[in-house]
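Following: one structure in structure tokens, then a few remarks.
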Amino acid sequence: MIRLTTPITEVQIRQLKVGDEVLLNGRVVLSRDIGHKFMKEQKPEWLKPILENMVIYHCGPVVRKNPDGTWTFVAAGPTTSIREEPYQADVIETYKVRGVIGKGGMGKKTSEGLQKTGAVYLHATGGAGSLLAERVKRVVDVKMLEEFGSPEAFWIIEVEDFPLVVTMDSHGGSLHEIVAQQSQERAKALMG
Amino acid sequence: MSECLIPTLTSNEVVASKSVLPAGWKADLRNLKALDLTQPVMELLRRTTSRLPQDVIDALVKGRAAETEGSRAFNTLNDMVENILLADGNVTPLCQDTGTVIFFVHHPYGLSQRALKQQIREAVAQATKNVWLRPNCVEALSGKNSGNNMDPFHEGHPVIHFEEWDRPEIEIAVMLKGGGCENVGAQYRLPDASIGAGRDLKGVRKCIIDAVVKAQGQGCSPGILGVAIGGDRVTSYEKSKEVILRKLGTKNPNPAMDAFEKELTNDLNTLGIGPMGYGGNTTILGVLVEEMFRHPASFYVSISYMCWSSRRRVMTIGSTGEVSFD
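Here it is, written out as structure tokens:
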């Protein structure tokens, strides 16, 4: 188990290999479909200091607003990442993002982006909405809440021991490809 | 780092103490016209979103025992168990994707479906307000969220299937089916030359293996497969969802199909996809199959993939009006 705290350096990222289990600490920025389209097309400057050397999390949380105006994450598991494939590599490069958390893995273009900039894809356990919300220690801020709506907004949170698996590394490795290939071969034998 | 968690859910007494229903609430089934099930349906949703059925938990624990302690697969299944305990204890959604909300209603003669539909819709809107459900109903093209899980024009969401029966009780089953697993469902038309599947059980088997390999971990494996053989395109898919209501570990009434389910589950768990597609011995928790009739020219195999967080629950209002949940 490897402990990482954001902001993360490129050197730290280059040491990670497919299959490594990571406990992530520190700030993480949530973004999904509308946010990624917005980042690629508009490239807003104000996001640069928020995202540099940081980690993006593909997640549309269930959030409760407390009477004192603060927010609490109630359920916050990962959403399917492949929808961000058209945008992810550009976002990583533009904003020097060091990691992307999601589920299901991503494609070739993102893999190339990870290699070029020095970033990793971190897989969270899908469906573990309660557990992952429990590891969110604080909601620091939220951007574009009015414009995008709650599931799509840029939530900036602080996490503690967020359990993840490196399934795509910065050297072109992909656990998704390995498992897919092996299971396809086994399926051929089963269908025989 | 992961200690092996023993999943013991909160007791029925604790669950009942948090109920939205007043203690001793009873329906008056002699007066079906005045019946209002809004609150019982809310309670059904509260329990379904936060509490996984025991048979699913047992299957996950059995899966964890089949993995090497400390492996990625083991740790992932352990995280799933921890998640189940947290959601149950806090009465919060197991998953932020509280899914498409699908109801299966059986009712006696004399009950108004129109009235019950309104009550179910009100209960879903209330449950959304209470943060038990995420607003998951958006306009197809614009993506605009209706905010309360209601499809305002065509009443396509929540999905409600009604069936009248000759018994006095009312039974309402609900299933919360997430988008990730819905997206990896598949329908095959046999014969299918691309996978060498003919119009027989061997062909059906090939379709199921193919669908699971294509799904990889994307449907949040280890999943549960609902399979319908036959029907038309619509009834076939519908049936493939309804069969997911059957408890894992229960026998298929058709002995040949029962043997097929068991053998296939074992075979699918040799694919090595594992929890979340990280590799491992636990790819599928169960296969549930039902055969239907079909048009002679059409042979459909429909597969609905349910994620490991298989949120389903049945509420029964007995003949004397008492409510029970299973």
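Each protein sequence line maps, in turn, to chains Y and X.
What the first sequence shows, in this note's numbering, is residues 1 to 192, in sequence order.
What the second sequence shows, in this note's numbering, is residues 193 to 518, in sequence order.
Yeah, the Cβ is synthetic: ideal placement off N, Cα and C, and Gly gets one too.
For Y:Glu-52 and X:Arg-504, what's the separation of their Cα atoms in angstroms? Rounded to the nearest angstrom, the gap between the Cα atoms of Y:Glu-52 and X:Arg-504 is 42 Å.
Taking the alpha-carbon positions, what's the X:Cys-287 to Y:Asp-169 distance? 27 Å
Report yes or no: is there a C-beta of chain X within less than 8 Å of the C-beta of Y:Leu-175? yes
Y:Val-74: contacting residues in chain X (beta-carbon distance under 9 Å): Here the neighbours are Asn-282, Thr-284, Pro-285, Gln-288 and Val-323.
In terms of DSSP beta bridges, what is X:Met-498 paired with? Per DSSP, X:Ile-416.
Got a sec: is the Cβ-Cβ distance from Y:Pro-163 to anything in chain X below 8 Å? yes
CB contact below 8 Å: X:Arg-326 versus chain Y: Answer yes: the Cβ-Cβ gap between X:Arg-326 and chain Y drops below 8 Å somewhere.
Looking at Y:Tyr-195: is its Cβ nearer than 8 Å to the Cβ of Y:Lys-40? With chain Y represented from 1 up to 192, any question about residue 195 of chain Y goes unanswered, as that position is not in the structure.
Compute the Euclidean distance between the alpha carbons of Y:Lys-143 and X:Ala-420, then round it to the nearest angstrom. 46 Å
For the segment 401-418 of chain X against the segment 485-497 of chain X, do three or more pairs of beta-carbon atoms, one drawn from each stretch, fall closer than 8 Å, so that the two count as touching? yes
Give the secondary structure of Y:Val-136 by DSSP, where H, G and I count as helix, E and B as strand, and everything else as coil. DSSP places Y:Val-136 in strand when its eight states are reduced to three.
Answer with yes or no whether the minimum CB distance from X:Lys-398 to chain Y is below 8 Å. It does: the Cβ of X:Lys-398 has a partner Cβ on chain Y nearer than 8 Å.
Does the segment 93-109 of chain Y come close enough to the segment 69-79 of chain Y to have 3 or more Cβ pairs within less than 8 Å? Contact holds: three or more Cβ-Cβ distances are below 8 Å.
Alpha-carbon spacing of X:Lys-254 relative to X:Leu-237, whole angstroms: 27 Å
CB-CB length for Y:His-176 against X:Gly-469, believed under 8 Å: 6 Å
Same chain only: Cβ atoms within 7 Å of Y:Lys-96, ignoring 5 sequence neighbours per side: Glu-52, Asn-53 and Thr-117
Would you mind working out which of X:Glu-361, X:Ala-215, X:Pro-285 and X:Ile-294 sits nearest X:Val-435, comparing C-alpha positions? X:Ile-294
Cutting at 6 Å between CB atoms, please list the residues of its own chain near X:Ser-516, excluding the five before and the five after it. Thr-508
For X:Leu-236 and chain Y, any beta-carbon pair shorter than 8 Å? no
Exposed or buried, Y:Ala-128, counting other C-beta atoms within 10 Å across all chains shown (16 or more means buried)? buried
Identify the contact partners of X:Thr-268 in chain Y, using a Cβ-Cβ distance below 7 Å as the criterion. The answer, in chain order, is Thr-125.
In whole angstroms, what separates the C-alpha of X:Pro-360 from that of X:Arg-391? 41 Å
Which runs of the alpha helix (DSSP H) fall wholly inside the segment 332-416 of chain X and span at least 4 residues, in chain order? The alpha helix (DSSP H) runs lying completely inside the segment 332-416 of chain X and spanning 4 residues or more are 371-374 and 393-407, given in chain order.
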